[in-house]
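Asker: Here's a structure for you.
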Amino acid sequence: MIFLDRMTTISFIVSFVFVYLFMKRRGLLGHASVKMGMGVKESMTTRKKNIILTAVALSALTVSLPVTEAAPVSSGGGQSGALEEYSLDEIVVTATRTEKRDVDVPMSTDVITREEIERGGAQNAAQVIQKVNGVSFASFAPLGASMGTMINKATIRGIDNGTLVMVNGNPIAGRGLYNLQEIPADSIEKVEVIKGGGSILYGSDAAAGVINIITKKGPDNNWTIGFGNYGQQKYHVNVGAKEGNQSIAAFYDVNKWDRLNDISESDEISIVPATKGRLLGVTQFNVRDIKNESLGLTWQANPRFNVIYSHHESTVSYDKYLLSATAFGMSAPRSLRVGELIYDRKYTTIRDTMQVNYRDRASEGSAYYNVSTIESDGDTWRKDKTDKNPALNKDLVKKYERYNTKEKHITYGFDGQHEWKLGDKGSLIFGISGKHEVYQVLPTVYTKVGKEYERNQWGVFGQWEQTIDEKNSFILGARETWTSGTTWNKNYSDFSASGQFIHKLDKDNNLYLNISQSFIMPQFGQMFPANATGTSNPNLKPQKGINYEIGWKSVSGGHTWKAAIFHQKIKDNISANVDKKFGLSWKYTNQDFRNTGFEFSCDIAGKNGFSYNYGLTLQNPEVKSNTKAYWDRKFGKIQLVGGMNYQRNKMKAALTFSYLADRVQTPSNEHSYQTKPYLLTTLTLGYTPDAWSEIKLTVDNLLNRRDNTMHSSSAWYTPGINYLLSYTQKF
Numbered sequence: 004m005i006f007l008d009r010m011t012t013i014s015f016i017v018s019f020v021f022v023y024l025f026m027k028r029r030g031l032l033g034h035a036s037v038k039m040g041m042g043v044k045e046s047m048t049t050r051k052k053n054i055i056l057t058a059v060a061l062s063a064l065t066v067s068l069p070v071t072e073a074a075p076v077s078s079g080g081g082q083s084g085a086l087e088e089y090s091l092d093e094i095v096v097t098a099t100r101t102e103k104r105d106v107d108v109p110m111s112t113d114v115i116t117r118e119e120i121e122r123g124g125a126q127n128a129a130q131v132i133q134k135v136n137g138v139s140f141a142s143f144a145p146l147g148a149s150m151g152t153m154i155n156k157a158t159i160r161g162i163d164n165g166t167l168v169m170v171n172g173n174p175i176a177g178r179g180l181y182n183l184q185e186i187p188a189d190s191i192e193k194v195e196v197i198k199g200g201g202s203i204l205y206g207s208d209a210a211a212g213v214i215n216i217i218t219k220k221g222p223d224n225n226w227t228i229g230f231g232n233y234g235q236q237k238y239h240v241n242v243g244a245k246e247g248n249q250s251i252a253a254f255y256d257v258n259k260w261d262r263l264n265d266i267s268e269s270d271e272i273s274i275v276p277a278t279k280g281r282l283l284g285v286t287q288f289n290v291r292d293i294k295n296e297s298l299g300l301t302w303q304a305n306p307r308f309n310v311i312y313s314h315h316e317s318t319v320s321y322d323k324y325l326l327s328a329t330a331f332g333m334s335a336p337r338s339l340r341v342g343e344l345i346y347d348r349k350y351t352t353i354r355d356t357m358q359v360n361y362r363d364r365a366s367e368g369s370a371y372y373n374v375s376t377i378e379s380d381g382d383t384w385r386k387d388k389t390d391k392n393p394a395l396n397k398d399l400v401k402k403y404e405r406y407n408t409k410e411k412h413i414t415y416g417f418d419g420q421h422e423w424k425l426g427d428k429g430s431l432i433f434g435i436s437g438k439h440e441v442y443q444v445l446p447t448v449y450t451k452v453g454k455e456y457e458r459n460q461w462g463v464f465g466q467w468e469q470t471i472d473e474k475n476s477f478i479l480g481a482r483e484t485w486t487s488g489t490t491w492n493k494n495y496s497d498f499s500a501s502g503q504f505i506h507k508l509d510k511d512n513n514l515y516l517n518i519s520q521s522f523i524m525p526q527f528g529q530m531f532p533a534n535a536t537g538t539s540n541p542n543l544k545p546q547k548g549i550n551y552e553i554g555w556k557s558v559s560g561g562h563t564w565k566a567a568i569f570h571q572k573i574k575d576n577i578s579a580n581v582d583k584k585f586g587l588s589w590k591y592t593n594q595d596f597r598n599t600g601f602e603f604s605c606d607i608a609g610k611n612g613f614s615y616n617y618g619l620t621l622q623n624p625e626v627k628s629n630t631k632a633y634w635d636r637k638f639g640k641i642q643l644v645g646g647m648n649y650q651r652n653k654m655k656a657a658l659t660f661s662y663l664a665d666r667v668q669t670p671s672n673e674h675s676y677q678t679k680p681y682l683l684t685t686l687t688l689g690y691t692p693d694a695w696s697e698i699k700l701t702v703d704n705l706l707n708r709r710d711n712t713m714h715s716s717s718a719w720y721t722p723g724i725n726y727l728l729s730y731t732q733k734f
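Residue numbers (the working numbering): 4 to 734.
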């Protein structure tokens, strides 16, 4: 008979019960089933079986992995022992799945610590990564006010569809959709950004890189209240308790903006043959009632095991008006007039995530469950089919009717690995992963009948790290990934490999060579969109990429230096393309991508409370689609980021910026065209009267610029200068 110690038994029971009760609360138990096309109803037997298997998988992690006393964590390469503390050289886990000093990681990495997040005044995860060298975050409006499935995106090295977003090492996106602005910065311990691909260790969606958001685990008792212009409001509270090695912590966060006018303008072009290409008028978007609401709960059973639950809700309303007209026939009684409302839509996103994580000296495992629902609902001007005037644009005519779409994404899975020592100089990691994906197009006014698509995605990966001598070592990795049980038998498989070589100049100076393959499996939402204007493309191919990189890292004299030369190629890059032959319809297609560039950055720990950082990226992102017989520019060629920080006695201040120049906007089927640079700036001033309170002023867009942060044919502009004054009280 096998006896489990008390903590293992408790972990098993809590994991199982927690999963069961959560899924029951979310209405995932006891549904009936009908085939695709007959409505989205689920098989009671199948669904309960999946839930039980998920709960067992979560619980099994606490049983199959032995609970041992805390021990020093391996630094990789066969060298074990406690890691030293380095004030300028953070520990990175994400890049190699082992704890390493940043200077020893053979990839381009950035670590944003808890102190840097607090000092910089970021309100959410998007603002945390927005000024990282080589990274940009495109947003429709503040707080991640996305337009349904037109979600905000983190772009790494010019690739806008290959960023794997994780929280505590677990993926959070549903069919590639995520919103970093719904994760409050107050809940983040640190963020690790890995550039150049991470598919070998983490699977699909990591073609450009990985953003791993590591949340706070221990108790943190405080509350914050803040107000600003544009009707900004912020409310946040953290509560927690600790006894011995166990702790429990919870947070609740609310952020609001009232209204932003003229957030976007676009030309309306005639698509009918008689007047094709003619400018019909200009439309304007206003956004209002933006709200992000989040809550989270963390139970830390011991230093190795934790359970995390989070819930996010975001809502926003978009109004589209006719700003000016040149060919609508303003005297015609059935035409729209300047100032009239074209549509009014409310977008709602509800997302729940749950994780169980375990890690000891040699083994680690996790299980996760993500479910998100995205809905758009409102009134829209539609084409009056009785109108024979070919000059009228499809969206700008008399008839007014309801528009409603809704989709749901469910993903649950597991990931586990074990590390073996190969003598004194080597180590081997072997791991497995699996996840089940469900994509539902739910019945609405527009989609009269629901549809459902499902598949399993499996992965087996390994990594061998070997020290050759005191100066040289290498890492070899490989992953086999395949899908099964896919609707319509659209199954895929992929084998990818990677290799890194590290040469130590001395303890704090390293050169490295990194060659890594990456891939992305087509998502159901790309093959079968739920949007009214989306066109299905079930024949999408997986995209395959490779990254070549030579780099240097150094820690010396209060400076951390990083430099890298990279070349990245992607075959069959999955991108959305607008087809103007059929109105405003769009679909995802495959195209090729390439980028060659140079990155350089420096962090400086100065004197008298000052510190500095700056970074430069020079690159040349290009795309070549099936509709273009030429390589076309994409994104921007020059990015400059930087910041200056001051912290002494009761005062602290931070000034940060990100400048992206030599930019282009890239229409789907036309030549890219130049657009002006953007300059994002943030100033944060903080004063701590005592150890228990802080007053903080955060000012964004100091120069009051009207900058477009998008890189497609659409233009969405940053708000004018805006501020948030907040007060935090610890208890």
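Backbone N, C-alpha and C fix where the C-beta goes; we use that ideal spot for every residue, glycine too.
The model shown is predicted, which means the values in this text are computed figures rather than measured ones.
(1) Rounded to a whole number of angstroms, what is the C-alpha to C-alpha distance between T470 and T97?
(2) Please list, in chain order, all residues of the same chain as S202 whose beta carbon is under 6 Å from its beta carbon, the five residues on each side excluded.
(3) Which partner residues does Y361 have in the DSSP bridge list?
(4) Grouping DSSP H, G and I as helix and E and B as strand, with all else coil, what is Q133?
(5) Among the residues of its own chain, which have a CB less than 6 Å from the CB of D256, if the five just before and after it don't count?
(6) Looking at C-alpha atoms only, which residue of P670, T301, A657, N475 is the closest neighbour of N360?
(7) Measure the beta-carbon distance from G416 to K438 and round it to whole angstroms, keeping in mind my assumption that it falls under 8 Å.
(8) Return helix, strand or coil for T166, following the three-state DSSP convention.
(9) Between which two residues does the alpha helix (DSSP H) containing G689 stretch?
(10) Going by C-alpha to C-alpha distance, which of R291, N540, G137, T383 sits closest to V448?
(11) Cα separation between S375 and L508?
(12) Do S250 and Y219 have their beta-carbon atoms positioned less than 8 Å apart in this structure?
(13) Residues in the same chain with beta-carbon distance under 7 Å from I266, minus the five sequence neighbours each way, listed in chain order, please.
(14) Thinking C-beta only, is P541 closer than 8 Å to S572?
(15) Which residue comes first and which comes last in the alpha helix (DSSP H) that contains Y205?
(16) Under DSSP, the alpha helix (DSSP H) around F121 begins and ends at which residues?
(17) To which residues of the same chain is Q466 closer than 6 Å at the C-beta, ignoring the five residues directly before and after it?
(18) On the criterion of 16 or more Cβ atoms from any shown chain inside 10 Å, does R104 qualify as buried, or is it exposed?
(19) Is the separation between the beta-carbon of S614 and that of N652 shorter than 8 Å?
(20) Tell me whether T112 sits in a helix, a strand or coil according to DSSP, three-state version.
(21) Going by C-alpha to C-alpha distance, which of T408, I197, S671 sits closest to W634?
(22) Any idea if M654 is buried or exposed, counting beta-carbon neighbours within 10 angstroms, 16 or more meaning buried?
(23) I think F638 touches K134, with their Cβ atoms under 8 Å apart; what is that distance to the nearest whole Å?
(24) Is E185 helix, strand or coil when you go by DSSP?
(25) Using DSSP's beta-bridge definition, name the partner residues of Y415.
(26) For the ligand FMN, any of its heavy atoms closer than 7 Å to the Cβ of L686?
(27) Which value, in whole angstroms, describes the spacing of the CA atoms of A566 and S604?
(28) Note the first and the last residue of the continuous beta strand (DSSP E) segment covering Q466.
(29) For T721, which three-state DSSP category applies?
(30) From the DSSP output, in three-state form, read off N513 for me.
(31) How about Q642 and T620: are their beta carbons less than 8 Å apart?
(32) Rounded to whole angstroms, what is the Cα-Cα separation between M110 and Q130?
(33) Could you have a look at D710 and say whether DSSP puts it in helix, strand or coil?
(34) From what residue to what residue does the beta strand (DSSP E) around G247 run?
(35) Can you give me the start and stop residues for the beta strand (DSSP E) that F140 sits inside?
(36) Using 10 angstroms around the beta-carbon of F601, count the other beta-carbons present and answer buried if the total reaches 16, otherwise exposed.
Answerer: Quick look at the numbers:
(1) Here residue 470 refers to the residue found at position 467 when the sequence shown is read from its first residue. Here residue 97 refers to the residue found at position 94 when the sequence shown is read from its first residue. Approximately 20 Å, taken between the alpha carbons.
(2) The residue labelled residue 202 in the question sits at position 199 within the sequence shown. So the qualifying residues of the chain are A209, S499, S521, F522.
(3) Counting from 1 along the sequence shown, the entry for residue 361 is found at position 358. Answer is F308, G368, bridged to Y361.
(4) Residue mapping note: residue 133 aligns to position 130 of the sequence shown, counting from 1. Correct three-state label for Q133: coil.
(5) Here the question's residue 256 lines up with position 253 in the sequence shown. Cβ-Cβ distances below 6 Å link D256 to P187, H239, S297 in the same chain, with the five nearest sequence neighbours on each side left out; the list follows chain order.
(6) Numbered from 1 along the sequence shown, position 357 holds the residue referred to as residue 360. It is T301 whose Cα lies nearest to the Cα of N360.
(7) On the sequence shown, residue 416 is found 413 positions in, with the first residue counted as 1. On the sequence shown, residue 438 is found 435 positions in, with the first residue counted as 1. Going by Cβ atoms, the distance from G416 to K438 rounds to 3 Å, so yes, they are a contact pair.
(8) Start at 1 with the first residue of the sequence shown, and residue 166 comes out as number 163. Strand at T166.
(9) What you label residue 689 is simply residue 686 of the sequence shown in a count that begins at 1. Counting along the chain, G689 falls outside any alpha helix (DSSP H), though it belongs to the beta strand (DSSP E) covering 681–693.
(10) Indexing the sequence shown from 1 puts residue 448 at position 445. Selection R291, N540, G137, T383 evaluated against V448 yields T383 as nearest (Cα-Cα).
(11) As a working mapping, residue 375 is identified with position 372 in the sequence shown. As a working mapping, residue 508 is identified with position 505 in the sequence shown. Distance between S375 and L508, taken at the CA atoms: about 48 Å.
(12) To locate residue 219, count along the sequence shown from 1; it is residue 216. To locate residue 250, count along the sequence shown from 1; it is residue 247. It is worth fixing the name first, because residue 219 is Lys in this sequence and not Tyr. In this structure, K219 keeps its C-beta atom at 8 Å or more from the C-beta atom of S250.
(13) Position 263 of the sequence shown, counted from the first residue, corresponds to residue 266. Only A144, F288, N289, V290, W719, Y720 meet the Cβ criterion.
(14) By 1-based counting over the sequence shown, the position of residue 572 is 569. By 1-based counting over the sequence shown, the position of residue 541 is 538. In the sequence on display, residue 572 carries Lys and not Ser. Contact annotation: K572 and P541 have beta-carbon atoms that are not nearer than 8 Å.
(15) Position 202 of the sequence shown, counted from the start, is the residue given in the question as residue 205. Residues 202–205.
(16) Taking the first residue of the sequence shown as position 1, residue 121 is located at position 118. Checking the sequence shown, residue 121 turns out to be Glu, not Phe. 117–123 is the extent of the alpha helix (DSSP H) around E121.
(17) Position 463 of the sequence shown, counted from the start, is the residue given in the question as residue 466. Hits under 6 Å: I432, G480.
(18) Mapped onto the sequence shown, residue 104 falls at position 101. Counting other Cβ atoms within 10 Å of its Cβ, R104 reaches 16 or more and is therefore classed as buried.
(19) As a first step, residue 614 is located in the sequence shown; it is residue number 611 there, counting from the start. As a first step, residue 652 is located in the sequence shown; it is residue number 649 there, counting from the start. When the beta-carbon positions are compared, S614 and N652 stay at least 8 Å from each other.
(20) Translated into the one-based positions of the sequence shown, residue 112 becomes position 109. Residue state, collapsed to three classes: strand.
(21) Within the sequence shown, numbered from 1, the residue matching residue 634 stands at position 631. It is S671 whose Cα lies nearest to the Cα of W634.
(22) Here the question's residue 654 lines up with position 651 in the sequence shown. Per the 10 Å Cβ criterion, exposed.
(23) As a working note, residue 638 is residue 635 in the sequence shown. As a working note, residue 134 is residue 131 in the sequence shown. For a cut-off of 8 Å, the C-beta gap from F638 to K134 is around 16 Å, too long to register as a contact.
(24) Residue mapping note: residue 185 aligns to position 182 of the sequence shown, counting from 1. For E185, the secondary structure class from DSSP, reduced to helix, strand or coil, is helix.
(25) Looking up residue 415 in the sequence shown gives position 412. Within the DSSP secondary-structure output, Y415 pairs in a beta bridge with Y372, H439.
(26) Ligands are entirely absent from the displayed structure, and the ligand FMN is therefore not among its contents.
(27) For this step, residue 566 is matched to residue 563 along the sequence shown. For this step, residue 604 is matched to residue 601 along the sequence shown. One alpha carbon belongs to A566, the other to S604, and they sit about 7 Å apart.
(28) To locate residue 466, count along the sequence shown from 1; it is residue 463. Where Q466 is concerned, the enclosing beta strand (DSSP E) starts and stops at 454–470.
(29) Position 718 of the sequence shown, counted from the first residue, corresponds to residue 721. DSSP places T721 in coil when its eight states are reduced to three.
(30) Position 510 of the sequence shown, counting from 1, holds the residue named residue 513. In the three-state reduction of the DSSP assignment, N513 falls in the strand class, which pools E and B.
(31) The sequence position of residue 642 within the sequence shown is 639, counting from 1. The sequence position of residue 620 within the sequence shown is 617, counting from 1. Between Q642 and T620, the gap from beta carbon to beta carbon is short of 8 Å.
(32) Along the sequence shown, one-based indexing puts residue 110 at 107. Along the sequence shown, one-based indexing puts residue 130 at 127. Near 23 Å, if we compare the C-alpha coordinates of Q130 and M110.
(33) For this step, residue 710 is matched to residue 707 along the sequence shown. In the three-state scheme derived from DSSP, where H, G and I count as helix and E and B as strand, D710 is classed as coil.
(34) Taking the first residue of the sequence shown as 1, we reach residue 247 at position 244. First-last for G247: undefined, no H or E at that position.
(35) Within the sequence shown, numbered from 1, the residue matching residue 140 stands at position 137. Unbroken beta strand (DSSP E) run through F140: 138–141.
(36) Locating residue 601 in the sequence shown gives position 598, where the first residue counts as 1. Counting Cβ neighbours within 10 Å, F601 comes out exposed, since fewer than 16 surround it.
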